[in-house]
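S.K.: Let me begin by handing over the structure; questions about it come next.
Number of protein chains: 2
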Amino acid sequence: MSLKQLLLEKSALSQDLYLPHLSIDCVVFGFHDASLKVLVTKFKDQSVWSLPGGYILKTENIKEAANRILFDRTGVENIYLQQFSVFGDLNRSEKFFEDYPDSLWNKQRFVSIGFYALVNYSQVHLIVDEVSDACEWKSIDELPELIMDHRLIFEKALIRLRKELNYKPIGYNLLPEKFTMPELQKLYEIILGKKLNRGNFFRKMLRYAILIKLDESRKGGAHKAPILYKFDIEKYEKALKDGLNEGW
Amino acid sequence: MSLKQLLLEKSALSQDLYLPHLSIDCVVFGFHDASLKVLVTKFKDQSVWSLPGGYILKTENIKEAANRILFDRTGVENIYLQQFSVFGDLNRSEKFFEDYPDSLWNKQRFVSIGFYALVNYSQVHLIVDEVSDACEWKSIDELPELIMDHRLIFEKALIRLRKELNYKPIGYNLLPEKFTMPELQKLYEIILGKKLNRGNFFRKMLRYAILIKLDESRKGGAHKAPILYKFDIEKYEKALKDGLNEGW
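If you're matching them up, the sequences are chains R and E in order.
Residue numbers 10 to 257, in the numbering used here, belong to the letters of the first sequence in order.
Residue numbers 10 to 257, in the numbering used here, belong to the letters of the second sequence in order.
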């Protein structure tokens with residue numbers, strides 16, 4: 010069935026189930042192969058990609074809706090999720106449906122609530138829903154063309170993530186349980202889009218006091234075995250809540 | 010006319026003009042008499058106070074709506090405005106209207122978009138609209154009881170403002186043009202709700218490189234005349250955009 014047929018068929022049900030005018034779009038970040046990736050989907054019959062998104066049931070809270078939408082795409086529950094901005098310009102989404110009848114539920118003006126998520130890449134099972142024909146990870150520096158204002162939504166999420174590095178710890182949802190300091194630095198460099206000084210990074214990270222140095226090191230490789238760290242979850246959670254101990 | 014009569018009378022017009030289910034609430038901060046204040050209003054016939062808010066015209070963007078709502082309360086245009094969170098729990102606002110007929114436009118479920126604003130206290134002209142009988146500044150440590158979830162909205166705005174101190178300059182919209190370092194420190198202390206070390210504050214602020222030391226000092230008073238500073242607007246604007254030069 011074509012996208013048009015599917016949407017027309019679901020239009021009346023959508024009107025019954027969902028709040029009008031409100032949608033959710035999610036920027037889902039995962040870290041793999043030393044590259045920051047974002048989850049994108051493609052509607053049937055379309056050449057451009059979309060961020061995963063959906064609508065809000067009349068019977069659910071906003072955060073519940075975001076969790077449900079992400080669970081339906083990834084099979085992961087309780088994903089680390091942050092609402093970061095609202096996208097409410099006139100005609101941000103309406104143009105996409107200009108060839109559809111005005112009665113189509115999806116054709117109304119939508120104000121979209123943007124969430125970003127940090128997920129463990131290896132735990133995600135990509136799920137293609139009935140109106141899509143693809144769901145894939147793409148590197149942030151090789152993102153394909155995105156529909157509507159989804160490029161802007163992605164960019165705003167990345168900017169927010171960069172700013173939050175100044176007061177929030179990061180990595181627990183993105184790195185494996187045990188990691189080296191250069192691996193943690195690489196994650197920061199990729200999010201920030203710039204190189205960092207190794208000594209400064211090391212000192213700043215130790216001042217945050219959220220790492221536990223392990224007695225084991227990684228075997229294999231020609232070089233001296235690198236020291237492994239893991240996050241001190243109690244201190245990490247406290248820093249997420251109260252801010253890093255280097256701030257004001 | 011009572012609040013009930015007024016709202017019932019405006020209900021049909023509201024339905025014509027505004028997007029359903031979406032509202033805006035604003036936390037407007039001003040700094041006066043060494044105290045951080047928030048603008049609150051009181052609906053007619055109510056004992057508890059509200060944050061200033063409103064709805065979104067079907068013909069306007071979200072940010073335009075927030076600007077219009079604040080202009081109507083303060084007479085100030087182009088206020089420094091940041092969207093910070095969305096409040097969308099079920100029944101967050103419906104209970105307030107439980108004694109009203111179900112046909113009342115205001116009684117539907119509303120998802121509210123929270124904005125905070127930083128304004129120059131002395132430029133604000135408090136405007137009481139037709140459904141209110143008061144509009145006043147209240148100190149953040151002496152806030153009266155607020156309706157619905159407005160206390161939560163205020164608290165989230167303050168938390169966001171505190172976190173943003175780690176990567177954004179602050180003060181331009183809150184302090185007079187020329188100020189002393191102790192006055193700037195006092196602003197930080199009031200927002201953060203804690204004392205700061207004077208020497209550390211001074212060094213950190215100079216590293217931000219957003220201040221211009223003036224050749225004049227403030228006259229009067231028994232003590233040594235304190236040095237005056239003003240913001241270097243070009244560098245301040247750049248830091249607002251790119252982050253303070255102390256971050257990652």
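Glycine included, C-beta positions come from ideal geometry on N, C-alpha and C.
All figures in this text were calculated on a predicted structure; none of them were measured in a lab.
(1) Please list the terminal residues of the continuous alpha helix (DSSP H) segment that includes residue 197/R.
(2) Pick helix, strand or coil for residue 119/E, following the three-state DSSP scheme.
(3) Shortest alpha-carbon distance to residue 116/E belongs to which of 194/E, 107/E, 204/E?
(4) So with CB distances below 8 Å, who are the chain E contacts of residue 176/R?
(5) In the structure shown, what three-state DSSP assignment does residue 50/E receive?
(6) Say whether chain R places a C-beta atom closer than 9 Å to the C-beta of residue 94/E.
(7) Name the DSSP beta bridge partners of residue 240/R, please?
(8) In the DSSP assignment, the beta strand (DSSP E) including residue 152/R goes from what residue to what residue?
(9) Is there a C-beta anywhere in chain R that falls below 9 Å from the one on residue 65/E?
(10) In this structure, how does DSSP classify residue 99/E when only helix, strand and coil are distinguished?
(11) Can you name the start and end residues of the alpha helix (DSSP H) that residue 71/R belongs to?
(12) From residue 156/R to residue 57/R, what distance separates their C-alpha atoms?
(13) Are three or more beta carbon pairs between the segment 121–131 of chain R and the segment 30–49 of chain R nearer than 8 Å?
(14) So for residue 114/E, helix, strand or coil by DSSP?
(15) For the alpha helix (DSSP H) that contains residue 159/E, what are its first and last residues?
(16) Closer than 8 Å between beta carbons: that is the criterion. Which residues of the segment 111–137 of chain E meet it against chain R?
(17) Hey, quick one: how far does the beta strand (DSSP E) through residue 32/E stretch, first residue to last?
(18) Is residue 130/E helix, strand or coil when you go by DSSP?
(19) Kindly indicate the opening and closing residues of the beta strand (DSSP E) around residue 136/R.
(20) I need the DSSP call for residue 142/R, collapsed to helix, strand or coil.
(21) Cβ of residue 256/R less than 9 Å from any chain E Cβ?
(22) How about the segment 140–154 of chain R and the segment 45–52 of chain R: do they share at least three Cβ pairs that are nearer than 8 Å?
(23) Would DSSP call residue 255/E helix, strand or coil?
(24) List, in order along the chain, the chain R residues whose C-beta lies closer than 9 Å to that of residue 252/E?
(25) Need the endpoints of the beta strand (DSSP E) that residue 65/R sits in, please.
(26) In chain E, which residues lie less than 8 Å from residue 99/R when you measure between Cβ atoms?
(27) Measure how close the beta-carbons of residue 215/R and residue 257/E come, nearest whole angstrom, since I'm counting them as under 8 Å.
(28) Closer than 8 Å, Cβ to any Cβ of chain E: which residues of the segment 178–212 of chain R, in chain order?
(29) Give the residues from the segment 149–171 of chain R that approach chain E closer than 8 Å (Cβ to any Cβ), ordered along the chain.
(30) Confirm, please, whether the CB-CB distance from residue 36/E to residue 166/E is below 9 Å.
(31) When DSSP labels each residue in this structure, what does residue 89/E get in the three-state scheme?
(32) Assign residue 191/E to one of two classes, buried (16 or more other C-beta atoms within 10 Å of its C-beta) or exposed (fewer than that).
(33) Hey, would you say residue 140/R sits closer than 9 Å to residue 95/E, going by beta carbons?
(34) Buried or exposed: where does residue 43/R fall if 16 or more other Cβ atoms within 10 Å of its Cβ makes it buried?
(35) Given a limit of 8 Å on CB to CB distance, which residues of the segment 31–51 of chain E reach chain R?
(36) Count the other CB atoms, across all protein chains shown, that sit within 10 Å of the CB of residue 186/R; report buried if there are 16 or more and exposed otherwise.
M.R.: This is what the structure holds:
(1) Taken as a continuous stretch (DSSP letters only), the alpha helix (DSSP H) holding residue 197/R covers 190–201.
(2) Residue 119/E falls in the coil class under three-state DSSP.
(3) Of the residues 194/E, 107/E, 204/E, the one whose Cα lies closest to the Cα of residue 116/E is 107/E.
(4) Those are 172, 175, 176, listed as they occur along chain E.
(5) Of the three classes helix, strand and coil, the one that applies to residue 50/E here is strand, per DSSP.
(6) Interface criterion met: the Cβ of residue 94/E is under 9 Å from a Cβ in chain R.
(7) Paired residue(s): 220/R.
(8) Boundaries cannot be given for residue 152/R, as no beta strand (DSSP E) includes it and DSSP labels it neither H nor E.
(9) Closer than 9 Å: yes.
(10) Coil.
(11) Note, residue 71/R: alpha helix (DSSP H), 71–83.
(12) It is roughly 6 Å from the alpha-carbon of residue 156/R to the alpha-carbon of residue 57/R.
(13) Look at the beta carbons and you see the segment 121–131 of chain R touching the segment 30–49 of chain R: at least three pairs across the two are nearer than 8 Å.
(14) DSSP places residue 114/E in helix when its eight states are reduced to three.
(15) From DSSP, the alpha helix (DSSP H) with residue 159/E extends over 159–173.
(16) Answer set for the segment 111–137 of chain E: 118, 120, 122.
(17) Residues 27–41.
(18) Correct three-state label for residue 130/E: helix.
(19) Annotation: residue 136/R is outside any beta strand (DSSP E) and is labelled neither H nor E by DSSP.
(20) DSSP places residue 142/R in strand when its eight states are reduced to three.
(21) It does: the Cβ of residue 256/R has a partner Cβ on chain E nearer than 9 Å.
(22) When Cβ pairs closer than 8 Å are counted between the two stretches, the segment 140–154 of chain R is seen to touch the segment 45–52 of chain R, the count reaching three or more.
(23) Here residue 255/E sits in coil by DSSP.
(24) Correct list: 171, 172, 175.
(25) Element bounds for residue 65/R: 62–66.
(26) Close to residue 99/R, with beta-carbon spacing below 8 Å, are these residues of chain E in chain order: 68, 69, 70.
(27) Not really, about 15 Å apart at Cβ, beyond 8 Å.
(28) Within the segment 178–212 of chain R, the qualifying residues are 197, 201, 205.
(29) Residues 171.
(30) It is a contact, given that the beta carbons lie within the stated cut-off.
(31) Note: residue 89/E maps to strand in three-state DSSP.
(32) Within 10 angstroms of the beta-carbon of residue 191/E lie fewer than 16 other beta-carbons, which makes it exposed.
(33) Cβ atoms of residue 140/R and residue 95/E: not closer than 9 Å.
(34) When all chains shown are included, residue 43/R counts as exposed.
(35) Within the segment 31–51 of chain E, the qualifying residues are 31.
(36) The residue is exposed, with fewer than 16 neighbouring Cβ atoms inside 10 Å.
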